[in-house]
Structures are given as C-alpha cells and as structure tokens.
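Student: Pasting a structure below so you can have a look.
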Amino acid sequence: MIGYHVRAGMAACALLMGLSACSNTPAGQEGSGIGTALRQAAAEAVAARRGSSEAPVAPRTPQQRAEEALRLNPGPLIMVGLENLGTTQIMALTGQNGAMRTYMTPNEQALILRGGMLVGTRGLGNDMSVTEPQTETLIRNGQSGSGQRILRYYTGDGLETPLRFDCTTGPGPNPGIMVENCAGHGVTFQNNYQVQGGQITVSRQWGGPALGYLTIQTLRP
Amino acid sequence: MRRSRLTRQLMATTLPLALIVGSGIGIATADPMLARNMSTYGMPGGIDTPTAEAMAEGTLAATVSLSDYALRSNVLFQLTPRLTTAFRYSRIEGINDARNSGSIYDRSFDFRYQLVDEDGWRPAIAIGLQDFLGTGVYSGEYIVATRNITPTIRASAGLGWGTLAGKPRIIDAGDEGGTANVEDWFRGGAAPFASVSWQVSDRLNLQAEYSNDIYRAQYRLNSGALVTQQQGDTEPGRVNLGLTYQMGRSYQLGLYTIGSETIGAQFTVALNPRDAVYPSGLEPAPAPVRPRPARAADPEGWSGQWSQDPTAQPAIQTALSNALAGEGQILQSMALAPTRAEVRIRNTRYVHQAEAVGRTARLMTRALPPSVETFVITLVERGIPVSSVTLRRSDVERLENTEVGQIAQASVLSDAVPYPGDLVRTPGAYQRFTWNLGPYLATSLFDPSDPFRYEVGAEARASYEIVPGLVLSGAIRQRAFGSIDKEAPGGLSPDEYEAQDSDIAGNGVPRVRSDSRMYSGTTSPTIPDLTLAWFARPTDQVYSRVTVGLLERAYGGVSAEALWKPVNSPLAFGAEVNRVRKRDFDGGLGFRDYEVTTGHVSAYYEFGQGYTAQVDVGRYLAGDVGATLSVTREFANGWRVGAYATETDLSAEEFGEGSFDKGLTISIPLAWATGQPSTQRVGGTLRSLSRDGGSRVRTDGLYDRVRDSHATQIYQGWGRFWR
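Quick note, the sequences are listed as chains A and B, same order.
For the first sequence, our numbering gives the first residue as 162, with consecutive numbering after it.
For the second sequence, our numbering gives the first residue as 19, with consecutive numbering after it.
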C-alpha cells in the first residue's frame, strides 16, 4: 500500500521537479525542507491577498454581511472592524469559559471578550495575550474614576510582555457612551464603550501598538 | 529552586520599549546610543573609522562592502548591550602572496566594548580591537567618544593605533596567525581620527570623516626582508565621505568615497531577534477551553462509569488524535483512567514546546470526560519520552486567559515516568514512513579562491520508524549544476590526488577534513547519509543513541552516545564514541583506508538568561587529543548565536593557517522570519578554516533534542502557553 503511494507520488513529483518539492509530510514539519515552508508561506500570503482583492468583486456592505451572517448562524455574533487594516469581519462564538467568550472568524482568527470588553486576540500576528483592566467595573457602572490597565503581548523575543497604562474613565460627550483615556510609555489612547445593563454592546477599543483600534459591535448577544 | 528560576525566566524581559511599542509612535525611551549607519568594516561607525555606538542587543547584521581597496563581507553580532563582535572575510586588492593573484583573502575578528553610554554632557565612550586574532592587514586598536550635537548631528573623535594610525603592523609571513598578539595592542604610536554623521531624514544619513588609514600592508618575509605593499592602486587622501539610505526596517544601502579617487558601495541586512514581523506568529487561534458541565448535568461522566465501557478509550483516543493532528501534534500513545489521562505527543509544528503543551491541554478539555482531573502531557522526541507536564484540569479551566505565570506556577514539570502499564499506541495515526523529494541548494561561503559557491540538484529523502525510537533514514542526491567543484588539497588535481591514494598529508597529519572538497562536484548520484538509529532511555534521566551506517558525507561507521540530563537540572553530562572509516570520494557505498576511533566526554551547563556553555574533551578525527569550548547565546524565540574554539595537541604548524579551529554558529527559526508555525531552522557554521585538527564526525546529537523539552527551554518559551 505504502509502496504504491510512493510510486504514484514520485511520478507526479518528477513532473514538477525543479519547480517544487513533493512530500508526504505536512508543511512546517521537521524534515520537509525550507523551500516547502517558504512556498507555503508565499502561497498563504497570495491566498490572503486574493481574498482581499476578491472582496470588491462582490461588493457587499458590512450591513449586508451582518444580515447574512445572522440568517445563517443561529448563535452569538459580533462584527469587528480592524481600523489599521481597513477590514471588517464577522465572528461567531466558539467557546465560553465563565464570563469569557471566544469569537472566531472562519479562518480561525479570534477575539476574546468579557461582557464586550476586549481581553485578548489570537491569530492576528500581533496578538494581545491578555488584558487586565482595573477600570472595568467603573466602565460597566458608568462611573468616573481611574485605574491601571495592563496589556500583555506576545512579543518578538518569545516572551509575554506587559505594558502598563494609567487610565481615567468618565461619560463621553454623547449620552450613554463611556470614555476611557489611557497613557503610558509615551503613548495615549482612548477607548469608547456603549454600555447597556452592564454589557458593552458597541465599542472602539485599542488593541495595541501594532494592532491599532478595533470597533466591536454585538450583532446577537 | 525551580520556582525561583522559573519566575526569573518568566519575568525577565529586557526588550527595549521601542520594539514593543513600535517606532511609528513618538515614544520616549532610554536605549543606549544606537548606530544609524554601518562602516565599511560592518561595524557602527563612520566610513572607515569606528564610533562609540552600538546596535540593539542581539542584532545580527551582515554587511558587504566593495571598493577598489577591498571586498569585505562582515557579520556582526551585538552580544550584550555594550559588547559588539564582528567576523570579517575580505578580499584585499593589490597585495600578492605566494598565489600571486594580485589580491589576498583574509579573515578577521573585531571586539568593541562601550565603556559608558552618553549621559548629559558626557559622550559615549568605547574601546575596540580590530582584526585582533593574529597580525593582519587590518590590525589596530582604538578608543573613541561619540556624542549627539543636535538631534540629527552626531560627532565622534578617537585615538587609533596600528592601521587606524596609519602605521600598519608588520606581518610575519611564516606565522600561522589565529592567536592574539597582546603585546602589540595599543602600541607603536597613536593618531587621532574623527567623524560626523547627519541624519537628514528618516532614511538618509550623510557622513564625513578624517581617517589615517593609508591602506598599506607590511610583511616580513622568511628571508627577513621587509616588504611594503600598497592596497588598491594608490594611497588615499585622509577625508572620506559617505551616505546611507535605510530601506524598510532591515536593509541599508551605502555609497562612499575613500579619499578623492575611490568610490565604494555597500549593503547591510540587519536583523534583531526581538523584532519579528509577526511577533505572535500567524498560526490560527487555538480551540478554546471547554469547561465541564455541572455535575448534575452529566452524572455518568463525572462518576467515571464511562471507563467500564471498552469502546470509550478507542473513541476518545481517535477523536483526540485527529484534533491534535490538526495542530501538528502526533498522539503517539495515551493512557486513560477515570481521573487521569496521559498523552504522549510529538510536536512537529511549534518552535516552543510550551505552545504545543498549551494547545494540547485545551484540546484535552474538549475531548475527555468530566471525571478526568489530572492531565499529563508527555513530550516525545525520536520516539522516546523526554519530559512530562502535569496540570490540573480545573487550573486549565480557571486560568485560561490569565497572565501566563499563573499556569506556570500551577504546572509540574518532571522526567517522563512510565505510567503503570496502560499506555495504548494510537493505531494508524502514527505516520511511520515519511518521504520528501525536492530541489536542494548547497552553498559554500568564504572560500579563499571564490567566496560564494553553490550547487543545485535534486534530493530524495525518506525515513521509516520501525518502532518508536528505531529509525531507518537516508537520502540520495543528484547534482544538476553549480560552482562547487571537486578539488584536491596540496595543489594537486583531483585525479592526481586520487592516484596518490594516501589519506596522510605531507606533515604526517591524517587528511580528515582538508580534502573535503574531494567529496564535492560528483556528477553521479551520491548518498549524503544512510543510517539506522536507535534512540532509547535506559533510565528516567539517561538517554542513549546508537547510529550505524553512512553517518555523514565523509565518514561511515558506528556512533554511540549517552546523555545524563535530569529535566530540571541546568547541568548535563554526555559521552560519545565513534568507530568510523573514511568514505570514498564518489559518495557511494565504498570506503577508503583511513579508520579511527574518536570520542568525547561532554559537560553542558545552562547559565540562565539565555547563555549556555559546553565543554567536550576527547580524541578528534585525526587522532589528535584536545578540548572544545562552545558558548551560545539563545533567545526565548529560538534564535541562537554561538562561538566555539577547539585546541588539540597538534602544533600550530601541524594545524596550519589559523593555528586552531574556531568558528561561529547561527541558527534562526524559520517561523520567526515568516510568521508561519514551523520547527525548521536556517543557519550554519562560519568556521575560520576547514583543517584537519580538532575535527569531529557530524552526528545527530541528543542534547539539543532532549533539552528542548526540559526546564530551561520549556519555561523560557512558556509565554506562548496560551497562544
């Protein structure tokens, strides 16, 4: 059986020699050659580009996509805009651990939210590992006050690295909106939350230096 | 002991804030004075002169600089925030040696230490040694001060000796070089030099300098006569000008003039291990933890009754095995009891074993019945269990999405202990036969007569794991084309050398590596390696390997190794014995006459903060006896940069040019560069020269494989547990 597979595989490979490598090991696995991994990376990069350039072919507004997602998926959904990338994605609930909810896109990029508060991201390349916001209660209760916000990141050195920010909360200019201003490490950012019954339904939250701002809207709680 | 080391590792981040927060945002940081441009010697500097600047810690930079005076290929490593090291390979024009080709090739090493950083009125001050191993054309020493005059203008001034003072040292033509001539340092008269650099924009930097280098070389011939040769065509003027242009975060292009007659160009690639394009990697999000239902909702699952059902384990094991396969984890075997589960996994995807463990733990919460409270995740390398991480399921549930130190404190790392009797192999899920067919590219750098050589061809590689730990593997290569050709030592043609049929050089030293070019350029199919290897673990803390076959391109035979490495110990000991015979030059199955027994005892130590050291003492391939010291700096993200030196009882004359074997090793995880998860690495060894003394057989050593899953390494990468 194995022998047959190998012979069939070899024949196909021989045709492709010089252009590509063939293997029965998954890409990224030890032993499958650097070329394989680089090609894989390139192929994925190309696929990602194609994905974004295909978008205009079927022009749909975020509103139309939200409506379609709500029709197809009966579970909790959020719509997330990444301002730095100019993309909007629909994410579906894939797991809940206590108050912590993990939402994912079909290509397995994830946000972790606690009652609408951004706690972590996964699969975005510049992920926030976890955030510990002391100001969370103030925001949910619509109170003015101050507290520290610790954002932890997976950094390029392979460690989880904390960044500490000092934040103040208070009502924003528009009714029903809480504003949180944070400063630290020479950086300032402002988070905006629309709070209803202790839950954050719509928000614009800073995800980090490389990630920038995320707008998060609850489509179905 | 373990806890405090662990805490230190987890808390230790020396990351400059600029790298975390990104340079796009105006942030105030107190980094040391960082270089803005590279000199023609591949060091922070003006054009030819040094400055007191440094690179960001850990930076690895390669600069190629070309002018009528020389082609210099430089590799720089910023070992500590203040210590800069460089290796250089140069083709120096206008100088003749015995080959009479109008140029010579020369290797050199530099050190620079920044004594103080800029502080208020005080400039940064550095002291440096240029080409300090042996007396070379570029040998010189300096003390230099650098200070910012305005936010964009930076000035340096210093005192130089040797070449930097325009007083080149006299090179003894009979000397083999390679050892430091301390008595010459900072002697023979000093002269001042100075440079200024102007950062015109984010990308453009202009430099001007006053340099005393007259580009001459002085030799004392064996006859005692003194000969002075001019590098290039003419002696340059004293003023040099340059500009550099930064492209992206990694590349820099430079143009410069040496005096008024000569124009040069250079290109730099600088990488910092901390500055990954995708710091968190691009791998998909992990499956989240699935908390257990309330007891009342699943009384059977909580009671452990399910374990009475003989179909339970196979069903669970198949489901978990499939889920793990999607994460690049091979479930070799599993033991399942009502309250405890052990999985034995082989990580084929993630650089950090902690990430493999974290993802496996989360999948276990999704696959196992609620009564299973203890998770044991055992990491397997080459079929043998190397370490076990034990976690309480309630901790995994409770600590998901918390700071990573918490799950570290709640976990226990131990030597892999066989669980009584009930490990079940995963049927079918175990991929025993793997093969790969593709092109290969071999490169040979820094060769005296041609600094860049390559060979392209096709390679078929296969391995078959007969039982876990017993692996048959091999490869066949067919060269297509390239510039790496068959070459013989001692000025002979390959045919003449073959006809001579001797493996002993004229000075009586066996030719164990100096004829390694004879193995190149074969146009018929070759077998790079073909071995049967047996990996085992005779006791909980001792690992063993026996390899039989064609071990490497030039040697075949038997290799046996044992390694003592307790999981939480920074100290390890090893021993290796090889009985090998030199292979035929055609890369086939035949052997030559030279046969030798070689072996070493080794001690390994992990100092923490990423520093490791290794000492090997034993008998080398040429029958010489001696020791090798290796020191490696490694980062949590898997970058490794190391240096080694071997001293044996061969005299410097017997050894030849370079006097003793030394070199640099570089290894970078591919995942760091691409963001795609992979255990593959790129890198290699920069040796000073390929000689016969201090050479070893290349074997598939145990230490790095075992250590990857042991305390220092696994906790260094623990930050990725929840990734």
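Using N, Cα and C, we set each Cβ at its ideal position, and we do this for glycine too.
If you compare alpha carbons, which of R497/B, V485/B and A480/B is closest to V474/B?
Tutor: Nearest of R497/B, V485/B and A480/B to V474/B, Cα basis: R497/B.
Student: So is Y612/B buried or exposed if we call it buried at 16+ other beta carbons inside 10 Å?
Tutor: Result: buried.
Student: Residues of chain A with CB under 8 Å from S291/B, in chain order?
Tutor: Residue identity differs from the one stated: residue 291/B is Pro in this sequence, not Ser. Result: G317 and D318.
Student: According to DSSP, which residues form a beta bridge with P68/B?
Tutor: Note: P68/B sits in a beta bridge opposite G63/B.
Student: Using a beta-carbon distance below 8 Å, is F393/B in contact with chain A?
Tutor: Cβ-Cβ to chain A under 8 Å: no for F393/B.
Student: Over what stretch of residues does the alpha helix (DSSP H) that includes F350/A continue unbroken?
Tutor: Not the alpha helix (DSSP H): F350/A falls in the beta strand (DSSP E), residues V348 to Q357.
Student: Would you kindly work out how many angstroms separate the C-alpha atoms of F127/B and V348/A, rounded to a whole number?
Tutor: Roughly 41 Å separates the two Cα atoms.
Student: Consult DSSP for R450/B and reduce its assignment to one of helix, strand or coil.
Tutor: Three-state DSSP puts R450/B in coil, outside helix and strand.
Student: Beta-carbon within less than 8 Å of G44/B's beta-carbon, same chain only, minus the 5 sequence neighbours each way: which residues are those?
Tutor: Because the pLDDT of G44/B is 31, which lies under 50, any placement of that residue in the model is unreliable, and the question is left without a value.
Student: Report the residue ranges of all alpha helix (DSSP H) runs contained in full by the segment 476-531 of chain B; include only those spanning at least 4 residues, in chain order.
Tutor: Listed in chain order, the complete alpha helix (DSSP H) runs (minimum 4 residues) inside the segment 476-531 of chain B are 512-518.
Student: Quick check: the Cα distance between P317/B and A337/B, rounded to an integer number of angstroms?
Tutor: Roughly 22 Å between the two C-alpha positions.
Student: For the alpha helix (DSSP H) that contains L238/A, what are its first and last residues?
Tutor: Premise fails: L238/A lies in the beta strand (DSSP E), L238 to L243, not in any alpha helix (DSSP H).
Student: Do you know how far the Cα of M73/B is from the Cα of S83/B?
Tutor: S83/B and M73/B: Cα-Cα distance of roughly 18 Å.
Student: Is P186/B near Q236/B, with beta carbons less than 8 Å apart?
Tutor: Yes, Cβ-Cβ distance for P186/B and Q236/B is below 8 Å.
Student: Could you check which residue in L589/B, V414/B and N525/B has the C-alpha nearest to that of Q632/B?
Tutor: The shortest Cα separation from Q632/B among L589/B, V414/B and N525/B belongs to L589/B.
Student: Could you give the uninterrupted runs of the beta strand (DSSP E) lying entirely in the segment 210-271 of chain B, keeping only those of 3 residues or more?
Tutor: 222-228, 234-238, 244-248 and 257-265, all fully within the segment 210-271 of chain B.
Student: Does the Cβ-Cβ distance between D288/A and N655/B come in under 8 Å?
Tutor: Not a contact, by the Cβ cut-off of 8 Å.
Student: Between V430/B and the ligand GTP, is there a pair consisting of the residue's CB and a ligand heavy atom that are separated by less than 7 Å?
Tutor: Judged by which ligands are present, the structure shown has none, so any question about the ligand GTP falls away.
Student: Expressed to the nearest angstrom, what Euclidean distance is found between the alpha-carbon atoms of F95/B and N245/A?
Tutor: Their backbone Cα atoms lie some 34 Å apart in a straight line.
Student: Checking 8 Å against the spacing of the C-beta atoms, do D667/B and R705/B come in under that value?
Tutor: In this structure, R705/B does not lie closer than 8 Å to D667/B by Cβ.
Student: What did DSSP end up calling S665/B once you bin it into helix, strand or coil?
Tutor: Ser is not the amino acid found at residue 665/B; the sequence shown has Glu there. Strand, per DSSP.
Student: Relative to the C-alpha of S412/B, which candidate in P309/B, A330/B and D634/B has its C-alpha closest?
Tutor: When only C-alpha atoms are compared, the closest one is P309/B.
Student: List, in chain order, every chain A residue whose beta-carbon is nearer than 8 Å to that of Y296/B.
Tutor: By Cβ distance, chain A contributes G286 and N287.
Student: Going by alpha carbons, who is nearest to T379/A out of P334/A, I239/A, G259/A and T298/A?
Tutor: When each option's Cα is compared against that of T379/A, the closest is I239/A.
Student: So which of V200/B, V398/B, Q217/B and R651/B has the shortest CA-CA distance to I684/B?
Tutor: Minimum Cα distance to I684/B is reached at R651/B.
Student: Starting from E652/B and walking both ways along the beta strand (DSSP E), at which residues does that stretch end?
Tutor: From DSSP, the beta strand (DSSP E) with E652/B extends over V643 to E652.
Student: Among G681/B, T646/B and T452/B, which one has its Cα closest to the Cα of T664/B?
Tutor: Taking only the C-alpha atoms, the option nearest T664/B is T646/B.
Student: Under 8 Å Cβ to Cβ from G628/B, same chain only, skipping five residues before and after it: list those, please.
Tutor: Cβ neighbours of G628/B beyond the five flanking positions: R651, E652, F653, A654 and Q734.
Student: Per DSSP, what kind of secondary structure is S121/B in: helix, strand or coil?
Tutor: It is a strand residue.
Student: On the CB-based measure, 16 or more other CB atoms within 10 Å of its CB, does T541/B come out buried or exposed?
Tutor: Flag for T541/B reads exposed.
Student: My assumption, with CB atoms under 8 Å, is that G152/B sits in contact with L182/B. Please give the rounded CB distance.
Tutor: That belief does not hold up - the Cβ atoms of G152/B and L182/B are roughly 17 Å apart, past 8 Å.
Student: Start and end of the alpha helix (DSSP H) containing G729/B?
Tutor: Reading the sequence as shown, one finds Ala at residue 729/B and not Gly. Looking at the DSSP string, the run of the alpha helix (DSSP H) that includes A729/B is A729 to Q734.
Student: Mind checking if G737/B is an interface residue toward chain A, Cβ cutoff 8 Å exclusive?
Tutor: G737/B counts as touching chain A.
Student: Within this structure, are the beta carbons of V724/B and S577/B separated by less than 8 Å?
Tutor: For V724/B and S577/B, no; Cβs fall outside 8 Å.
Student: Between the alpha carbons of T444/B and Q335/B, how many angstroms are there, rounded?
Tutor: Cα to Cα, the separation comes out at about 7 Å.
Student: So which residues on chain A does N655/B lean against when the C-beta distance must stay under 9 Å?
Tutor: Going along chain A in sequence order, the residues near N655/B (Cβ under 9 Å) are T316, G317, D318, G319 and L320.
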